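Number of protein chains: 2
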Amino acid sequence: MHRGGSLHAAHLAYETWGNLNARADNALLILTGLSPSAHAASSPEDPSPGWWEAMIGPGKAIDSNRYFIICVNSLGSCKGSTGAASINPGTGKPYQLDYPELCLEDIAVSAHELVRHLGISRLRALVGPSMGGMSSLAFAVLYPGMAPNLVLISTAPHSLPFATAIRSLQRECIRRDPRWLDGRYAADAWPEQGFRLARKLGMVTYRSAHEWRGRFGRKRVSEPARGAFEREFEVEAYLDAHADRFVGSFDPNCYLYLSRAMDWFDLADHGGDVDNALGQMQVKRALVIGVPSDILFPIEQQREIAEGLRSAGAVVDFFALPSIQGHDSFLVDFERFAPPVADFLGCL
Amino acid sequence: MHRGGSLHAAHLAYETWGNLNARADNALLILTGLSPSAHAASSPEDPSPGWWEAMIGPGKAIDSNRYFIICVNSLGSCKGSTGAASINPGTGKPYQLDYPELCLEDIAVSAHELVRHLGISRLRALVGPSMGGMSSLAFAVLYPGMAPNLVLISTAPHSLPFATAIRSLQRECIRRDPRWLDGRYAADAWPEQGFRLARKLGMVTYRSAHEWRGRFGRKRVSEPARGAFEREFEVEAYLDAHADRFVGSFDPNCYLYLSRAMDWFDLADHGGDVDNALGQMQVKRALVIGVPSDILFPIEQQREIAEGLRSAGAVVDFFALPSIQGHDSFLVDFERFAPPVADFLGCL
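The structure is reproduced here in structure tokens:
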């Protein structure tokens with residue numbers, strides 16, 4: 001592991017769409033945000049819709065007729081890859097906080113092992129939204145020339161203090177839950193209240209105030225909660241609904257590990273500063289997209305990446321899309337996101 | 349009380365600076381944000397610096413040589429005025445959640461009683477920053493003509509869903525603390541961890557990402573906390589320091605009451621819509637100030653107030669100041685805030 005320690009007999013969950021060609025030169029790797037699984041799109045084996053269903057498939061922006069598409073569940077997550085909730089083969093019990101310190105570099109290194117295991121010596125394209133974009137930057141700087149074409153979406157070379165403050169509070173919400181027990185909670189006694197708070201705080205930063213103003217305004221719920229100071233407004237019910245969906249489907253310790261890895265990551269650690277690191281990647285073409293309504297990964301950070309890659313000699317397309325859904329726009333505003341991705345990948 | 353119930357033998361804490369003239373027509377009332385006391389500036393009786401020390405005093409922007417300045421601790425607070433932490437004379441114990449439902453209208457009505465008690469039938473000016481601006485709007489609409497000159501700073505006619513979401517999460521942080529006990533905590537066993545989280549989340553929205561980027565960047569603390577997932581970055585230490593100062597000096601139940609009152613308040617309840625309400629106030633002149641870096645009370649809301657008052661026939665000065673400190677700018681960026689306030693109050 002990047003900061004020391006090791007994992008034995010670790011697993012990586014991944015899914016693929018399309019076919020690897022004979023020269024093994026049409027592979028496209030997707031690294032994900034903090035919470036998604038490898039199930040980015042439906043397939044004959046699993047026909048349920050994936051988290052990027054609108055973007056991936058035959059004839060879609062990420063075209064499985066053209067590319068052999070791989071999506072990997074990040075190392076440290078809990079959707080099939082080995083994370084803090086997995087069984088430690090050394091003890092027969094879940095790792096919990098015995099899991100080694102996790103970095104985005106570890107996610108990149110493990111994804112690279114997967115790619116090599118699939119017989120691919122060079123990716124045609126590497127696609128990373130959000131945390132997946134940070135992991136992609138780690139991949140590109142650790143394996144220069146391995147990913148000559150990058151698609152970086154709503155991401156950053158490192159976290160700025162506003163984002164770190166939000167994530168720190170999310171982690172504290174989990175840690176302060178009396179049921180967290182320094183990570184030693186039982187499978188049937190999760191620190192649910194703290195995790196709900198963490199998820200709700202996340203949602204506040206994933207969307208935008210502008211979107212919510214139009215969507216919720218000052219609307220009240222039809223049946224207010226009965227307890228003192230409990231929910232009355234629709235925006236509160238919306239946050240509750242998101243917490244309902246997330247809690248129970250993601251492990252709180254895994255969340256802590258991945259969240260901290262995002263705050264730790266700094267592309268500048270690989271080469272002294274961000275521009276030097278970008279210059280080492282041997283990137284030929286890049287598509288960098290962001291939205292100005294994103295408060296978690298502000299558009300200036302995508303601009304910084306685009307300009308750094310351009311200075312390093314890459315041909316870079318940069319788009320600041322006017323989506324109003326904030327950081328989550330790439331998960332919902334396909335009308336705006338699909339065309340530039342399709343154009344870029346169609347010309348490689 | 350505005351929503352029913354009543355308080356008996358309630359107190360209001362207030363401080364004054366300067367002298368009321370013979371015609372009692374030089375009074376200026378300040379209504380405060382959520383947490384400040386009535387001690388807005390030092391005085392012979394209390395020489396400690398007040399929370400708006402740079403703004404109030406002889407020759408300052410709010411000039412005590414010219415005005416008889418009154419600052420009142422909001423009803424429902426815990427700085428001398430009767431709130432949930434006060435003793436209920438009916439039981440001899442703290443009200444806690446037996447305190448009646450509190451609205452900003454109650455803060456306005458009680459402040460009006462104070463003004464009348466001081467022999468003042470009409471204010472020369474009413475000054476309200478943040479929640480105090482919302483309370484001032486309540487005052488102005490409940491007592492038309494009583495406050496012909498308004499100074500409204502970083503405030504709003506009602507909360508938008510982003511601000512409500514943040515406040516809802518702050519309240520939930522307090523409510524979920526196992527020591528909250530439905531408000532029946534003992535004086536020596538406050539729900540401190542939940543209240544710390546609430547305060548930290550507040551600070552994230554009181555300042556701006558831009559300010560923090562320059563101030564903290566990715567700086568680490570010299571001595572990281574030892575526990576797993578605890579603080580490492582300076583921005584985390586900054587939030588801890590703010591929580592240290594606040595917790596122990598403000599009552600969590602009072603915080604809940606005031607926070608909910610802000611979300612409940614809607615100027616549009618007084619006249620059908622915001623513009624009608626603004627039109628009823630009989631305001632002659634107004635100064636409306638905001639900062640574009642404020643994410644809690646966005647500048648559009650101050651613009652809405654300014655335009656509404658202008659449509660109602662008032663002479664309105666509107667300033668969008670380029671302060672980078674977000675909502676809290678009026679508490680720190682006096683170089684920008686003092687001149688327009690001094691100009692406005694100097695000409696009344």
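These protein sequences, in sequence, are chains C and W.
Position one of the first sequence corresponds to residue 1 (the numbering used here), numbered consecutively onward.
Position one of the second sequence corresponds to residue 349 (the numbering used here), numbered consecutively onward.
Even for Gly, the Cβ is constructed at its ideal location relative to N, Cα and C.
Computed from a predicted model, the values in this text were never measured in an experiment.
Where residue i falls: helix, strand or coil (DSSP)
{"i": "residue 568 of chain W", "result": "strand"}
{"i": "residue 197 of chain C", "result": "helix"}
{"i": "residue 558 of chain W", "result": "helix"}
{"i": "residue 536 of chain W", "result": "coil"}
{"i": "residue 16 of chain C", "result": "strand"}
{"i": "residue 330 of chain C", "result": "helix"}
{"i": "residue 375 of chain W", "result": "strand"}
{"i": "residue 416 of chain W", "result": "strand"}
{"i": "residue 174 of chain C", "result": "helix"}
{"i": "residue 324 of chain C", "result": "coil"}
{"i": "residue 120 of chain C", "result": "coil"}
{"i": "residue 50 of chain C", "result": "coil"}
{"i": "residue 271 of chain C", "result": "coil"}
{"i": "residue 328 of chain W", "result": "Since the displayed chain W opens at 349 and closes at 696, residue 328 of chain W lies outside it and no answer follows."}
{"i": "residue 482 of chain W", "result": "helix"}
{"i": "residue 364 of chain C", "result": "Within the shown structure, residues of chain C are numbered from 1 to 348, placing residue 364 of chain C beyond reach of any answer."}
{"i": "residue 345 of chain C", "result": "helix"}
{"i": "residue 340 of chain C", "result": "helix"}
{"i": "residue 391 of chain W", "result": "coil"}
{"i": "residue 101 of chain C", "result": "coil"}
{"i": "residue 487 of chain W", "result": "helix"}
Beta-carbon contacts of residue i that lie in its chain and below 8 Å, excluding the five residues immediately before and after
{"i": "residue 590 of chain W", "result": "547, 548 and 551"}
{"i": "residue 686 of chain W", "result": "402, 403, 408 and 409"}
{"i": "residue 311 of chain C", "result": "275, 278 and 279"}
{"i": "residue 283 of chain C", "result": "140, 147, 148, 149, 150, 309, 312 and 314"}
Option nearest residue i by Cα separation, candidates the options
{"i": "residue 374 of chain W", "options": "W:653, W:540 and W:495", "result": "W:495"}
{"i": "residue 422 of chain W", "options": "W:359, W:592 and W:354", "result": "W:359"}
{"i": "residue 586 of chain W", "options": "C:65, C:165 and C:228", "result": "C:165"}
{"i": "residue 154 of chain C", "options": "C:312, C:306 and C:181", "result": "C:306"}
{"i": "residue 108 of chain C", "options": "C:286, C:142 and C:89", "result": "C:142"}
{"i": "residue 602 of chain W", "options": "C:229, C:255 and C:270", "result": "C:229"}
{"i": "residue 319 of chain C", "options": "C:299, C:311, C:98 and C:313", "result": "C:299"}
{"i": "residue 106 of chain C", "options": "C:129, C:76, C:121 and C:89", "result": "C:76"}
{"i": "residue 161 of chain C", "options": "W:511, W:415 and W:557", "result": "W:557"}
{"i": "residue 327 of chain C", "options": "C:130, C:272 and C:348", "result": "C:130"}
{"i": "residue 296 of chain C", "options": "C:316, C:128 and C:206", "result": "C:206"}
{"i": "residue 661 of chain W", "options": "W:672, W:486 and W:629", "result": "W:629"}
{"i": "residue 88 of chain C", "options": "C:7, C:236 and C:294", "result": "C:7"}
{"i": "residue 582 of chain W", "options": "C:168, C:224 and C:178", "result": "C:168"}
{"i": "residue 151 of chain C", "options": "C:21, C:28 and C:3", "result": "C:28"}
{"i": "residue 492 of chain W", "options": "W:693, W:671 and W:618", "result": "W:618"}
{"i": "residue 351 of chain C", "options": "C:104, C:123 and C:149", "result": "Residue 351 of chain C is absent from the model: chain C starts at 1 and stops at 348."}
{"i": "residue 565 of chain W", "options": "W:580, W:352, W:696 and W:447", "result": "W:580"}
{"i": "residue 439 of chain W", "options": "W:406, W:634, W:458 and W:357", "result": "W:357"}
{"i": "residue 447 of chain W", "options": "W:349, W:688 and W:677", "result": "W:349"}
Same chain, Cβ closer than 6 Å to residue i, neighbours up to 5 away in sequence not counted
{"i": "residue 302 of chain C", "result": "288 and 290"}
{"i": "residue 71 of chain C", "result": "15, 30, 38 and 40"}
{"i": "residue 351 of chain C", "result": "The requested residue 351 of chain C is not part of the displayed model; chain C covers only 1 to 348."}
{"i": "residue 614 of chain W", "result": "506"}
{"i": "residue 171 of chain C", "result": "256 and 259"}
{"i": "residue 63 of chain C", "result": "none"}
{"i": "residue 177 of chain C", "result": "191, 193 and 194"}
Residues that residue i bridges to, as DSSP identifies them
{"i": "residue 634 of chain W", "result": "W:498 and W:664"}
{"i": "residue 581 of chain W", "result": "W:568"}
{"i": "residue 292 of chain C", "result": "Bridge partners of residue 292 of chain C: none, in fact."}
{"i": "residue 726 of chain W", "result": "As shown, chain W starts at 349 and ends at 696. That puts residue 726 of chain W outside it, with no answer to give."}
{"i": "residue 94 of chain C", "result": "C:87"}
{"i": "residue 506 of chain W", "result": "W:614"}
{"i": "residue 595 of chain W", "result": "W:598"}
{"i": "residue 454 of chain W", "result": "For residue 454 of chain W, which the question treats as bridged, DSSP gives no partner whatsoever."}
{"i": "residue 63 of chain C", "result": "C:57"}
Contact set for residue i: own chain, Cβ-Cβ below 7 Å, skip 5 residues either direction
{"i": "residue 595 of chain W", "result": "540, 543, 544 and 547"}
{"i": "residue 391 of chain W", "result": "363 and 365"}
task = Could you tell me whether the stretch 475-488 of chain W touches the stretch 608-615 of chain W, where touching means 3 or more Cβ pairs closer than 8 Å?
result = Judged by Cβ distances under 8 Å, the stretch 475-488 of chain W makes contact with the stretch 608-615 of chain W, as three or more pairs qualify.
query = With contact counted as at least three CB pairs below 8 Å, one residue from each stretch, are the stretch 112-120 of chain C and the stretch 34-54 of chain C in contact?
reply = Output reads no: the stretch 34-54 of chain C does not touch the stretch 112-120 of chain C.
query = Quick one: any contact between the stretch 164-184 of chain C and the stretch 83-98 of chain C, if contact means 3 or more CB pairs under 8 Å?
reply = Touching, yes.
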